[in-house]
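Report on one structure; see the data block that follows.
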DNA sequence: TCTATTTTGGTATTTAAGTACCAGAATTAA
DNA sequence: TTAATTCTGGTACTTAAATACCAAAATAGA
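Chains as they are written, first to last, in this note's numbering: chain C, 62 to 195; chain B, 62 to 195.
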């Protein structure tokens, strides 16, 4: 069973975890709590949140009462931001042969994949953390 | 650099290779020729075409003058067919947490990804090998 | 029948992602 | 100052996908 859209479990955990952090704001939320809530291993989740912290999306605090809080307003954090931190920068041309030097004159996929990529990109950009606060 | 749509190099090679086979029809085309044309390793390409053959998309012939030909009209072979043979059956829900038991009540991605998946699915279905014969 | 050619299929290697472990540094509260 | 808690960061393990290798089987033509 293969997914058509590329979303790793790590990126998904990051989004779901940050949604919890946003909802609990301004309280701090620690990795143990998040891992439990998401049925994920604490080690794995901690690693992911380390990257989010290093990239300025969240602030982290050590020691008892430590944990994570957002580092900017929830409206200003999109799933695209999260995705590009956890996976890597997005590329909007989806033919895998293109980079390795395709031998066809014109891309065999035409424009179809490029425009879908762009719509996925926009969708990712429009999913904001603020959506998960009520 | 990460692609938003999931297309392995193998699936892409299969499509590009089959396009060549379709164009050369009714002549047979062998793996060596295809590998050269596509800048791919012959071993890798042969493996991919083995699967296409086993799944009835192409017919294969051994020995000198051997090679591959389509096993059905080019109009009846879509990129979706190829994709599902090379990758695996497509799943149209793209949240990776869904299968592992998401702990959120409603999918955090809403319907957005599902509808994009469907549009990718349709696009894959509409790309027919006959498009590459002129 | 013999040789060269081509697919076949089993296996092995490589690569990347996901996951887990653990000691160290920082912080809080007693 | 001590003990408990929490993030940090380096490393190691596991798993799956991608890719490569090679001997065996089949075939065509001489």
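We put the beta carbon where it would ideally sit given N, CA and C, even for glycine.
According to DSSP, which residues form a beta bridge with residue 63/B?
151/C
Against chain C: residues of the stretch 71–91 of chain B by CB proximity under 7 Å:
73, 76, 77, 80
Tell me the DSSP bridge mates of residue 178/B?
None, per the DSSP bridge assignment.
For chain C, find out if any of its Cβ atoms is closer than 8 Å to the Cβ of residue 173/B; answer yes or no.
yes
Closer than 7 Å, Cβ to Cβ, to anything on chain C: give me those residues from the stretch 121–145 of chain B, in chain order.
none
Could you tell me whether the Cβ of residue 182/B comes closer than 8 Å to any Cβ of chain C?
yes
Could you tell me the alpha carbon to alpha carbon distance between residue 154/B and residue 129/B, rounded to whole angstroms?
35 Å
Where residue 148/B meets chain C, residues with beta-carbon distance less than 9 Å:
63
Does the distance from the CB of residue 191/C to the CB of residue 148/C come in under 8 Å?
no
Measuring straight from C-alpha to C-alpha, what distance separates residue 70/B and residue 178/B?
20 Å
Can you tell me which residues form a DSSP beta bridge with residue 128/B?
122/B
If you run the structure through DSSP and keep just helix, strand and coil, what is residue 139/B?
strand
Cβ distance (whole Å) where residue 164/B is taken to contact residue 98/C below 8 Å:
6 Å
Identify, in the order they occur along the chain, each residue of the same chain with its Cβ nearer than 8 Å to the Cβ of residue 79/C, setting aside the five sequence neighbours on each side.
113, 118, 119, 131, 138, 143, 190
So residue 63/B packs on residue 151/C, CB below 8 Å; how close in whole Å?
6 Å
For residue 82/B, list the residues DSSP reports as bridge partners.
DSSP output for residue 82/B lists no bridge partner at all.
How many Å lie between residue 127/C and residue 106/C at the Cα?
16 Å
By the DSSP assignment, the alpha helix (DSSP H) with residue 107/B in it spans what residues?
103–115
Tell me the rounded alpha-carbon separation between residue 90/B and residue 68/B.
24 Å
Quick check on residue 192/B: does DSSP put it in helix, strand or coil?
helix
Taking the alpha-carbon of residue 88/B as reference, which of 102/B, 141/B, 180/B, 121/B has the nearest alpha-carbon?
121/B
Rounded separation between residue 95/B and residue 101/C - CA only:
45 Å
Below 8 Å on the Cβ atoms is my guess for residue 196/B versus residue 83/B; work out the distance and round it to an integer in Å.
Absent from the model: residue 196/B. The displayed extent of chain B is 62 to 195, so no value can be given.
I'd like to know if residue 155/C contacts chain B, where contact means its C-beta is closer than 8 Å to some C-beta of that chain.
yes
Establish whether the CB of residue 194/B and some CB of chain C are separated by less than 8 Å.
no
Counting only Cβ pairs nearer than 7 Å, list the residues of chain C close to residue 98/B.
164
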